[in-house]
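This report concerns only the one structure given below.
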Amino acid sequence: MSIHSVKHSEDQLLVQDSYLLEWKDIKYSVIHKDKETNILKGVSGYANSGEILAIMGTSGSGKTSLLSILSNRLFSQSHVKVSGTVTLNQNEIHTFHSNHYIKYVLQENFLFGTQTVRESLTFACRLKVPYLTKTQVNERVDDILDHLRLTKVADNIIGNSMRKGLSGGEQKRVSIGNELISYPNVMILDEPTSGLDSFTSQHLIEVLQAQAHLGRTIIFTIHQPNSKMFSMFDRFILMSEGNFLYQGKTSEVVKYFSDIGYKCPYEINPPEYFMRIFHIENRHHMSEEEKEILDICSYHYKKTLKKYMIPQTEGLTEIDIKKGLHTASISTEFKVLIQRSIINVKRQPMLSVIKIVQAIVMSSLVALIFNNLGHDKKSIQSITGALFFNSINYIAFPTQGEALTFPLERPVFLTEYKEDLYGIIPYFLTKVICEIPFQIIFTIIYSLVMYFAIPYNTYNASKFFIFFGISLLAQISGNALGYLVGSLTSSIQLAVVIGPSMMISLLAFGGFFSNTNSLSSAFYWIRYISNYNFTYRALIINQFTDFDFNNENDNPIELLNFQGEIWENVGSLLLVTFGMMLIAVINLKISGEYHKRR
Ligand SMILES: Nc1ncnc2c1ncn2[C@@H]1O[C@H](COP(=O)(O)OP(=O)(O)O)[C@@H](O)[C@H]1O
Ligand SMILES: [Mg+2]
Numbered sequence: 001m002s003i004h005s006v007k008h009s010e011d012q013l014l015v016q017d018s019y020l021l022e023w024k025d026i027k028y029s030v031i032h033k034d035k036e037t038n039i040l041k042g043v044s045g046y047a048n049s050g051e052i053l054a055i056m057g058t059s060g061s062g063k064t065s066l067l068s069i070l071s072n073r074l075f076s077q078s079h080v081k082v083s084g085t086v087t088l089n090q091n092e093i094h095t096f097h098s099n100h101y102i103k104y105v106l107q108e109n110f111l112f113g114t115q116t117v118r119e120s121l122t123f124a125c126r127l128k129v130p131y132l133t134k135t136q137v138n139e140r141v142d143d144i145l146d147h148l149r150l151t152k153v154a155d156n157i158i159g160n161s162m163r164k165g166l167s168g169g170e171q172k173r174v175s176i177g178n179e180l181i182s183y184p185n186v187m188i189l190d191e192p193t194s195g196l197d198s199f200t201s202q203h204l205i206e207v208l209q210a211q212a213h214l215g216r217t218i219i220f221t222i223h224q225p226n227s228k229m230f231s232m233f234d235r236f237i238l239m240s241e242g243n244f245l246y247q248g249k250t251s252e253v254v255k256y257f258s259d260i261g262y263k264c265p266y267e268i269n270p271p272e273y274f275m276r277i278f279h280i281e282n283r284h285h286m287s288e289e290e291k292e293i294l295d296i297c298s299y300h301y302k303k304t305l306k307k308y309m310i311p312q313t314e315g316l317t318e319i320d321i322k323k324g325l326h327t328a329s330i331s332t333e334f335k336v337l338i339q340r341s342i343i344n345v346k347r348q349p350m351l352s353v354i355k356i357v358q359a360i361v362m363s364s365l366v367a368l369i370f371n372n373l374g375h376d377k378k379s380i381q382s383i384t385g386a387l388f389f390n391s392i393n394y395i396a397f398p399t400q401g402e403a404l405t406f407p408l409e410r411p412v413f414l415t416e417y418k419e420d421l422y423g424i425i426p427y428f429l430t431k432v433i434c435e436i437p438f439q440i441i442f443t444i445i446y447s448l449v450m451y452f453a454i455p456y457n458t459y460n461a462s463k464f465f466i467f468f469g470i471s472l473l474a475q476i477s478g479n480a481l482g483y484l485v486g487s488l489t490s491s492i493q494l495a496v497v498i499g500p501s502m503m504i505s506l507l508a509f510g511g512f513f514s515n516t517n518s519l520s521s522a523f524y525w526i527r528y529i530s531n532y533n534f535t536y537r538a539l540i541i542n543q544f545t546d547f548d549f550n551n552e553n554d555n556p557i558e559l560l561n562f563q564g565e566i567w568e569n570v571g572s573l574l575l576v577t578f579g580m581m582l583i584a585v586i587n588l589k590i591s592g593e594y595h596k597r598r
């Protein structure tokens, strides 16, 4: 037992119960163009509590697929077939909320980069273990920090592609902590050491070993363990092309292969030897002789070793199959998500500054271009132009802003949604609500500059406030369009193509130009969903109704054929905005559900 686990022997994380994860005859195949490819070819095995089970194998041999099946994340669908059974303490994992007991840590870390380690764990704890009090949450977070040796960096920012933060090993431990926080019995990790150097990997395995010593079942895949790490594994599985070549005690693997004629030379680290003889690195360039080695080992496994793969089933803890899933209430989800968003804004002050500078620069620019305005024909044309620019500024910036940032956040959302951390509605509303204060600040600055730049219709004081309201709503609609783009893709490269294409279409076919009737009627409908169209119309009607024209014939409302009530346009803008948000939510839901089944 390691020093670490002795220190925690009286620990809350200690698992007193005995759990056995067992799988039998797992087959997995993918159907593509009527051709079925077998990825897992009927593998059986088990993992005990208190032990580390490490799975090593050729890339593409089906390790990740196996782990996904063991953690109840991969099901039969139209193009994939899964068969066989997975049980936890002899209860099939589909028949109860196995999520309680089994947690999965993905190969990639999907962490919210602007949070600190402690905030990330607290976030996970409040959503995953919602019945804890605030003090209990803090205690548990401290406990996890201690166990994962993260206390020193507890208040450091995690970091992301824009901002440097934790090291790879620390980030991985945070990902593990986010799962460990609910004190699961079984932890399954896909290549937890990938991308880490040998020293860091070893450290990580030690942390996992401490968890096994506390009574957890730890299962992971691993690429190239050094001999020290290798010796820490209790059990070991060697995989190739959807089959097992070895399963059993790590301490016996060398003897086993030696007995069937593959003796590992003394000076070579056993995993390295297996990689060599089974061509684990480079399976596409196997010679006939090497294929034969594989066949022989596969034959031996099936004929001899497999028979002894019978786990101990006495004294297993009874599973409470009625236990429901702990989910936080919607209000808790809101609270936790809003707190995270506020932190996110606070930690990126430059983004807020940029938005304010943007408001000043863009409004000043419009004011500079269209200055010295009166009530004559030319001035009225200029005001019309200024309002047109305003409509673009209100909508294009938020759209582009969201299209650039939302795809970055989307993978985190998909992962958290898959973990049932929160629902789509609290997530989405939080996003919308947290943007509004910025939009109000932007609109105040922008509207004030405009107020002094163009001769407002002063007939009615409420006009200014209506202008303000339209501006604000237009920005929200810009954001909605950005969400729509971001909900479609996690790739920024793609988003910056889709976003402007949509914006230009909505603008070009928005019905601003007198000759739009000559456009193909196939695009005519776009004006009815164009947020630019409704914004511009509303602004023009607001500005020029009861305006003091030098010559009544200059009235843009007549010239542009913008008859109608202001409220009709505001109402339409509201509807379009709502529609865009709804599509974004539906897209997210579909992506989320699809992601859940992968
Ligand atoms: N849903 C899927 N559709 C198509 N191919 C898949 C699917 N799932 C797995 N595969 C294929 O199965 C093989 C094994 O995949 P995987 O389990 O990820 O292997 P490993 O983790 O060992 O590298 C790969 O060739 C992969 O492309
Ligand atoms: Mg994999």
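If you use UniProt numbering, the sequence shown corresponds to residues 1 to 598, in order.
We put the beta carbon where it would ideally sit given N, CA and C, even for glycine.
Computed from a predicted model, the values in this text were never measured in an experiment.
Please classify residue 358: does DSSP put it in a helix, a strand, or coil? helix
Mind the definition here: the stretch 224-235 touches the stretch 87-102 only if three or more C-beta pairs lie below 8 Å; say whether that holds. no
Sequence-distant residues of its chain with Cβ nearer than 6 Å to residue 550 (five each side left out): 375 and 376
What first and last residue would you give for the beta strand (DSSP E) that runs through residue 245? 243-249
So within the stretch 44-118, which uninterrupted alpha helix (DSSP H) runs reach at least 4 residues, ignoring any that extend past its ends? 63-70
Between the alpha carbons of residue 472 and residue 586, how many angstroms are there, rounded? 24 Å
Would you tell me roughly how many angstroms separate the C-alpha atoms of residue 367 and residue 444, rounded to the nearest one? 15 Å
For residue 407, which option in 491, 335 and 479 has the closest C-alpha, if you only look at C-alpha atoms? 491
Distance, Cα to Cα, residue 577 vs residue 502? 14 Å
Would you say residue 59 touches ligand 1, meaning its beta carbon is less than 8 Å from a heavy atom? yes
Between 271, 241, 34 and 15, which has its C-alpha nearest residue 217's C-alpha? 15
Quick one: does the C-beta of residue 300 sit closer than 8 Å to a heavy atom of ligand 1? no
Compute the Euclidean distance between the alpha carbons of residue 381 and residue 531, then round it to the nearest angstrom. 22 Å
Quick one: Cα of residue 416 to Cα of residue 463, how far? 45 Å
Can you tell me the Cα-Cα spacing of residue 298 and residue 110, whole angstroms? 37 Å
Buried or exposed: where does residue 685 fall if 16 or more other Cβ atoms within 10 Å of its Cβ makes it buried? This structure leaves residue 685 out entirely; the chain is present only between 1 and 598.
Would you call the CB atoms of residue 305 and residue 256 closer than 9 Å? yes
Cβ contact check for the stretch 60-67 and the stretch 186-200: 3 or more pairs under 8 Å: yes
Starting from residue 290, trace the alpha helix (DSSP H) in both directions and tell me its first and last residue. 288-303
Of all Cβ atoms in chain B, is any one closer than 9 Å to the Cβ of residue 88? As a matter of chain content, chain B is missing from the structure shown, which is built from one protein chain.
Going by DSSP in three states, residue 509 sits in which element: helix, strand or coil? coil
Excluding the 5 residues flanking residue 22 on each side, which residues of the same chain have their C-beta closer than 7 Å to its C-beta? 46, 87 and 311
What do you reckon, are the CB atoms on residue 537 and residue 562 nearer than 9 Å? yes
To the nearest whole angstrom, what separates the beta carbons of residue 396 and residue 469, a pair I think is in contact under 8 Å? So it is not a contact: roughly 19 Å between Cβ atoms.
Flag this pair as touching only if the stretch 97-109 and the stretch 333-347 have three or more C-beta atom pairs under 8 Å; answer yes or no. no
What span of residues does the alpha helix (DSSP H) with residue 412 cover, start to end? 377-418
So what's residue 220 in DSSP terms, helix, strand or just coil? strand
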